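Start counting the sequence shown at 238; every next residue gets the next number (the numbering used here).
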Amino acid sequence: MKASVKAHRVLSDQATTTQPDDLTETLLVASTLPARPNALNSGLPSLSDINNTISRLALPITLAPKSPSSWRRSCNFQGEQVVFLSEGEYQQYQREFAQDVSELHLRVQRLKIKIGTELLRGIHHLERPNDAPYNWGDEFPSRQAWSKALSLSRDDSDFSQDETDDLIAKYNALVPEAHRLIHREHIASLDGNLISETLGAAIYYPDPLPESARGPIEAIFERTKQLEKRLVEMKSMPLLFAPQSREQSHEAELKEIRLEYRALLKEYSGLIEAQSWHSPTYGASLSEQRGPRQSSEPFRSDYQRFKMPELVELQRELHRALFRRTEYHEHTSSFLFNGGMAAFEATFRLIERDLEQQSRFSGGRPQKPVVLAANDLYFEVDRSLRDFTGAHFTTPQLFDPHDIDGLIKLIKAKLPNAVCLNSLSNHFRMDVTEITSLLAKLADWEPDKRTTSRLYANGRSSLSKRTINIVIDNTTAGVLAKWKNFNFGDLPKFIRVISIESLVKFAQDGLELAPAGLMTISGEYSDSEIKSIQSRRGYSPPENTVRKLAFFSDARSYERRMHRHSRNSKFLSGELTTEISESGFISDVIHPFLSKHSDRRSARVELEDGGGLFNIEFNFEALKGYRERIEWSGRTSYKDPVSPHQFGKECELLAQAFQACLVSLAREADVNLHLGTSFGFDTTRVAVYEHRLEEAVEPEYGYRRRPYLRVSPGTENIKEMRLLANLFKRTAKLFTTAMQEQRLFELRDRILDTRDTELQLG
238 MKASVKAHRV LSDQATTTQP DDLTETLLVA STLPARPNAL NSGLPSLSDI
288 NNTISRLALP ITLAPKSPSS WRRSCNFQGE QVVFLSEGEY QQYQREFAQD
338 VSELHLRVQR LKIKIGTELL RGIHHLERPN DAPYNWGDEF PSRQAWSKAL
388 SLSRDDSDFS QDETDDLIAK YNALVPEAHR LIHREHIASL DGNLISETLG
438 AAIYYPDPLP ESARGPIEAI FERTKQLEKR LVEMKSMPLL FAPQSREQSH
488 EAELKEIRLE YRALLKEYSG LIEAQSWHSP TYGASLSEQR GPRQSSEPFR
538 SDYQRFKMPE LVELQRELHR ALFRRTEYHE HTSSFLFNGG MAAFEATFRL
588 IERDLEQQSR FSGGRPQKPV VLAANDLYFE VDRSLRDFTG AHFTTPQLFD
638 PHDIDGLIKL IKAKLPNAVC LNSLSNHFRM DVTEITSLLA KLADWEPDKR
688 TTSRLYANGR SSLSKRTINI VIDNTTAGVL AKWKNFNFGD LPKFIRVISI
738 ESLVKFAQDG LELAPAGLMT ISGEYSDSEI KSIQSRRGYS PPENTVRKLA
788 FFSDARSYER RMHRHSRNSK FLSGELTTEI SESGFISDVI HPFLSKHSDR
838 RSARVELEDG GGLFNIEFNF EALKGYRERI EWSGRTSYKD PVSPHQFGKE
888 CELLAQAFQA CLVSLAREAD VNLHLGTSFG FDTTRVAVYE HRLEEAVEPE
938 YGYRRRPYLR VSPGTENIKE MRLLANLFKR TAKLFTTAMQ EQRLFELRDR
988 ILDTRDTELQ LG
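Written out as structure tokens, the structure is:
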């Protein structure tokens, strides 16, 4: 028997993770801060200014008619207490703002390196002699640096400080002064690889960039240098940042630079796409032409032009960052698709190929897919899965993701073609599946003789005739999922693990540049099957997407960003738990790391941090017998209770009113808050969703429909999170007061009637 699970099955070199404040470059040390932070020395708003902004959320609230009349009066609510930013939190705010500046500087410098590399192509162009030996060019001054970069990329290692200094010195010696790298603290390993390739090949081999393309690219290069200059000025000040003559605050300037960076990135990607040309040979070019080496390439097929080297390299980089290992580990590979759902569709095409193989071993008889599906799949995945199984005249069998032992029994009994589940559900309850435990139990599986005959052809363990695909939707957990550290080499050969993540969420630095999805697959020969499906079925992402995603930040920046999302989701959900009460409007806050969550233990086992989502449940149970109070001409009367037929609609309107009130208050208090259903962005988003209670929980059909609010915290600093916490709590107290005073529907109608009513603070 194999030794029993867990300890030896986690890759030891993958277990360490980057903490949120573990900066490569320490921009700010707590000991350098004054005892009482002063805005005059920081370029940031002072503690008193911030708390003055927070105090606005304590003011009375008036819902005033835009056209007052005798029958349209104002709806007034008293002020409430708020929680102010402490001095300790203010210092934390300064540190986090410094980190944000550093992260943006890293991205701007990466854009500068990319553009500079393109402008440097062929500046020292060399004609390769016809009789040149194979090792021609090895004596070039930067050849060793190039070899070093290639070896580091294979080992997934970083450049040492000495190697970085040597690399930059060689780079600066060869390039024009305008292209030299001055701020070397931001050279990450992938930047070093790019510089090394430029030194080793790009400046010598290709033809120079055509003048028609050089002008627009040089203009973007100059604008990028100006952005970098502004960031360097912002960072080079005493304490945090020095006083500046301009009136604009550093916070506003940072947002402005970030927007300009996004615009430059998209503009540059479009320019490169417009002037790129992929050779119709096996060796598709890295740019517009291959120069003298073009004639050496044998003609293969026009269809090879879609095999972009940039796509292959991007897939490797995403694999290293999101899966924390290189593709040389345990036959794991990642593939980029033009969307998360496209990656799922490609998975179904892979399962169809498995069915064809089963059919060959069954005398040509058509085979129906056997699919097990968790009962909490994302609705689009569930719909696509049912379309796939429906085309084969079958349906997926649902299972409870909490019952891992029951799932193992199902797998052993049915030998399914696919098992579809989530690592962290984005449904109402946000359930956590113990995937590490599932994989460990599958690794201990030793099939009996009968099962072996069903799994392998002619009893030969080297030829599998049935593959069990464990398909994991990992979009919500991202890089925080600990199951990625599992040693997939321990799994039987007939088990294939497929992970799918939508890259519109966390992996694009909150910029939302292009739709994309990443599939990571483990198992021998699996990569060749997916390569074929990706290129022949139209799933490859367009060139513009590849160009934009090439600016993906390095793995450490990505992890720090994920930890900021997690910190904010835990902070905001924890603050809101104080508003939970039986008589209040909020009945629960759902986050897997909160003490009341049923999967809290599983979350700590399966996730490194809290993720970027949580849900707010409203107390609609109290609405069943609720009667609205009506006052007219000094008389008080009450409306009839809400009927089951109208219950769902009334709940939906109240949830929409809560959401609208949040946005209106945020606008009044100058707090950034967006409406939106997605997650993983810089700014917090809110959206109303709906779930239905089971019959066992709610026998009356009309009462089963329950809306809730999904909150997707962004990467805001602690100052902004304190503002948001007060904003959410004030809104909750407003609705609780209205419910207790029996004027909830009046509040709802006033908020939703934006044409005639405006919300005023004070």
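Don't be surprised by glycine CBs; every beta carbon is placed ideally from N, CA and C.
Predicted model only: the values in this text are computed from it and were never measured.
Note the first and the last residue of the continuous alpha helix (DSSP H) segment covering residue i.
i    : result
Y938 : Premise fails: Y938 is in no alpha helix (DSSP H) and is neither H nor E.
R942 : Premise fails: R942 lies in the beta strand (DSSP E), 942-949, not in any alpha helix (DSSP H).
G577 : 577-598
N288 : 284-292
E488 : 487-512
M799 : 792-813
F616 : 616-628
F972 : 955-977
S832 : S832 -> no alpha helix (DSSP H), and no H or E assigned at all.
R666 : Element bounds for R666: n/a, residue is neither H nor E.
Within its chain, find whatever has a CB closer than 7 angstroms to the CB of residue i; leave out the 5 residues flanking it on each side and keep chain order.
i    : result
V900 : L910, L912
S874 : I867
N711 : S660, A718, S736, I737, E738
L260 : Because L260 sits at a pLDDT of 32, beneath the cut-off of 50, its placement in the model cannot be relied upon, and the point is left open.
R590 : E766
I732 : L679, I705, I707
L551 : L573, V783, L786, A787
P684 : L692
Where do the ends of the beta strand (DSSP E) carrying residue i lie?
i    : result
F636 : 634-636
F334 : Taken as a continuous stretch (DSSP letters only), F334 belongs to no beta strand (DSSP E), being part of the alpha helix (DSSP H) at 324-356.
A301 : 298-302
Q997 : 994-998
Which residues in the same chain as residue i place their Cβ atom closer than 8 angstroms to its Cβ, once the five residues preceding and following it in sequence are excluded?
i    : result
L502 : L348, L748, L750, K785, F788
E937 : P881
P878 : K861, G862, Y863, R864
N575 : P752, A753, G754, Y776, S777, P778, P779, T782
V669 : S660, L661, S662, P829, D836, S839, A840, E843, L844
So residue i packs on residue j, CB below 8 angstroms; how close in whole Å?
i    : j    : result
F972 : F895 : 6 angstroms
L341 : R495 : 6 angstroms
K702 : F598 : 4 angstroms
L809 : A962 : 6 angstroms
R557 : A714 : 18 angstroms between Cβ atoms; not a contact.
I827 : L813 : No, I827 and L813 are not in contact; Cβ-Cβ is about 11 angstroms, not under 8 angstroms.
Output needed for residue i: all residues of its chain with C-beta closer than 6 angstroms, excluding positions within five of it in sequence on either side, in chain order.
i     : result
K678  : I645
N944  : The question names Asn, yet the displayed sequence has Pro at residue 944. Closer than 6 angstroms at Cβ, skipping near neighbours: C888, E889, A892, V925, E927.
C898  : T968, I988
F830  : K807, A840, G847
L998  : R293, L296, E905
N409  : R417
I641  : E671, S674, L675
T1001 : No answer is possible for residue 1001: the residues shown for the chain start at 238 and end at 999.
I298  : F314
Would residue i be called buried (16 or more neighbouring beta carbons within 10 Å of its own) or exposed?
i    : result
W869 : exposed
Q771 : buried
E854 : buried
D613 : buried
T626 : buried
S571 : buried
G601 : exposed
G643 : exposed
L984 : buried
S662 : buried
G885 : buried
T991 : exposed
N654 : buried
V923 : buried
V934 : exposed
G353 : buried
A650 : exposed
E584 : Checking the sequence shown, residue 584 turns out to be Thr, not Glu. T584 comes out buried.
P633 : buried
D624 : exposed
S606 : Position check: residue 606 holds Pro in this sequence, whereas Ser was assumed. That one is buried.
N289 : exposed
* Asked: Mind pulling the alpha helix (DSSP H) runs of 4 or more residues that sit fully within the region 837-902?
  -> 837-843
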